[in-house]
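**Student:**
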Amino acid sequence: MEGKVIVMTSGKGGVGKTTVTASVGAALALQGKRVAIVDMDIGLRNLDVVMGLENRIVFNVVDLIQGRCKLKQAAIKDRRIDNLFLIPASQSDDKDVIKPENMVWLTNKLRKEYDFTLLDCPAGIEHGFKNSIAAADEAIVICTPDVSAVRDADRVIGLLYARSITPKLVVNRISPKMVENGDMLSHDDIVDVLSIDLVGLVEMDDQVVVSSNTGVPLVTNRESKAGMAFQRIAMRLNGQPDLPIENPMVQRGFWRTIGKKLGRRNKDAK
Amino acid sequence: MRLNDLLKKLVNKQDSREVAKKRLKFALVYDKLEVSDTMLDNLQSELMEVISRYFEIDQNAMNLDIQRSDDYSALVLNTPILSARHQNHAQAAQGHAG
Ligand SMILES: Nc1ncnc2c1ncn2[C@@H]1O[C@H](COP(=O)(O)OP(=O)(O)OP(=O)(O)O)[C@@H](O)[C@H]1O
Ligand SMILES: [Mg+2]
């Protein structure tokens, strides 16, 4: 059976595409799947350091596409997790050396070797984005609870629909406390506005930064809420689509409960 | 902090979360209504072609525009008619059937 190619995209930069790609890829591999992660950010590679593989790069995705190496040479095996491979971006080439048809060729190769291929898309909706979606079977749109990130997500969702891909949503960097205080969009608000299915909800978590400092995969840290959320995203992609979304918990005190009740009554009265 | 929350709720001040959601919904609707000049130009020339099959019009006087108000957007076409093309219309219809 052929594998799946999933593009991770967002429109807006810095919302967590690379973090989600590395962590979900690691989680899928831990669940026994063969996984390739491709860094599509030509000229600005990042995934190698996030995964702690920066000093193992010999060939990159451009070398592979231009026939300077074989797939086996370009795919770097992870140090800690079996069945997890990274195909790094090139750091020196121009953004437009890769064309959509090259990606179609590459992903056809990857589908034969790997159960899951995850494409870490660069920010924006230009070259790297077009290349990545040209070859994808499915898409995950990542957004944070900001007005600008959600708006950009909507734009990207429109472009994916135009390619007949129905994307799924990951809401990243949610702070349950701020949502509770009425100072942050909730995942329900975002789902309501974007009207696509939610496949993951990831809290703001300091462990994400710690993991990217050390290059140690977040999903192996059982203490990390974000790490566990990434595990659940991987399970939903890997044959358990109905695994319920866990609602982030906030400690609820007496005053808060009263406040919420009063707030609700005020709204009903309007 | 907690007491502040309570006071905020009591005076019914709107949460920034609700403000964000309203602004978002508005922005998304607005984004989808944005039309480029080339798209309008193309639409105008195609409309002109269709209308000219039925009416003789002054092509330079034709005007196509999008008008926006708070709660709706409208495509407004304005063109003076010089005369109707009764015969040509019949021919055109025949031409299509044949
Ligand atoms: N859930 C989270 N909690 C805390 N920090 C996070 C979380 N997700 C991402 N970050 C941090 O946010 C920053 C941006 O994340 P990341 O590089 O994954 O975004 P990106 O979308 O890939 O960015 P770019 O558009 O530049 O490629 C990183 O420093 C990362 O550690
Ligand atoms: Mg990135």
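Sequences listed follow chains A and B, in order. Add 131 to the 1-based position in the first sequence for the numbering used here, that's all there is to it. Add 19 to the 1-based position in the second sequence for the numbering used here, that's all there is to it. Each residue gets a CB set at the ideal place from its N, CA and C atoms; glycine is no exception. Remember, it's a predicted structure, so these values are computed and weren't measured experimentally.
#1: In this structure, does DSSP put A:GLY331 in helix, strand or coil?
#2: Is it buried or exposed, A:LEU159, if we count other Cβ atoms within 10 angstroms and call 16 or more buried?
#3: Which full runs of the alpha helix (DSSP H) of 4+ residues lie inside the region 277 to 344 of chain A, going along the chain?
#4: Using a Cβ-Cβ cut-off of 8 angstroms (strictly less than) and excluding sequence neighbours within five positions of B:SER92, which residues of its own chain qualify?
#5: Give the residues of chain B in contact with A:VAL278, contact being defined as C-beta atoms less than 8 angstroms apart.
#6: Please identify the residue among A:THR152, A:LYS143 and A:GLY142 whose C-alpha is closest to the C-alpha of A:GLN362.
#7: Along chain A, in chain order, which residues have C-beta atoms closer than 9 angstroms to that of B:ARG72?
#8: Return the residue from the list A:MET315, A:GLN204 and A:GLY134 that minimises the CA-CA distance to A:VAL189.
#9: Using beta-carbon positions only, say whether A:VAL301 and A:ILE273 come within less than 7 angstroms of one another.
#10: Any chance the region 315 to 329 of chain A sits against the region 30 to 48 of chain B, with 3 or more Cβ pairs inside 8 angstroms?
#11: According to the neighbour-count rule (16 or more other Cβ atoms, all chains shown, within 10 Å of its Cβ), is A:GLY370 buried or exposed?
#12: Just the chain B side, please: which residues come within less than 8 angstroms of A:VAL281 by C-beta, in chain order?
#13: For A:ALA365, I'd like the list of residues in its chain whose CB is within less than 7 angstroms of its CB, leaving aside the five on either flank, ordered along the chain.
#14: Which of the three DSSP states is assigned to B:SER92 in this structure?
#15: Nearest-angstrom Cα distance between B:ASN79 and B:VAL54?
**Tutor:** Here's the rundown:
#1: Of the three classes helix, strand and coil, the one that applies to A:GLY331 here is strand, per DSSP.
#2: Counting of Cβ neighbours within 10 angstroms places A:LEU159 among the buried residues, the total reaching 16 or more.
#3: For the region 277 to 344 of chain A, the continuous alpha helix (DSSP H) assignments of 4+ residues that do not extend past its boundaries occur at 278 to 293, 307 to 311 and 318 to 325, in sequence order.
#4: Close CB contacts of B:SER92 within its chain, under the 8 angstroms cut and outside five residues either way in sequence, are with LEU52, ILE85 and GLN86 (chain order).
#5: Here the neighbours are ALA39, ARG42, LEU43 and ALA46.
#6: Nearest in C-alpha terms to A:GLN362, of all of A:THR152, A:LYS143 and A:GLY142, is A:THR152.
#7: Within chain A, not a single residue places a beta-carbon under 9 angstroms from that of B:ARG72; the smallest gap is close to 32 angstroms.
#8: Comparing Cα positions, the closest option is A:GLN204.
#9: Yes, Cβ-Cβ distance for A:VAL301 and A:ILE273 is below 7 angstroms.
#10: Flag = yes, the region 315 to 329 of chain A and the region 30 to 48 of chain B touch.
#11: Counting C-beta atoms within 10 angstroms of its own C-beta, A:GLY370 has fewer than 16 neighbours from the protein chains shown and is therefore classed as exposed.
#12: Within chain B, the residues whose beta carbon sits less than 8 angstroms from that of A:VAL281 are LEU43, listed in sequence order.
#13: Cβ within range, chain order: VAL155, ALA158, LEU159 and GLN162.
#14: DSSP places B:SER92 in strand when its eight states are reduced to three.
#15: Looking at the backbone, the Cα of B:ASN79 and that of B:VAL54 are separated by about 22 angstroms.
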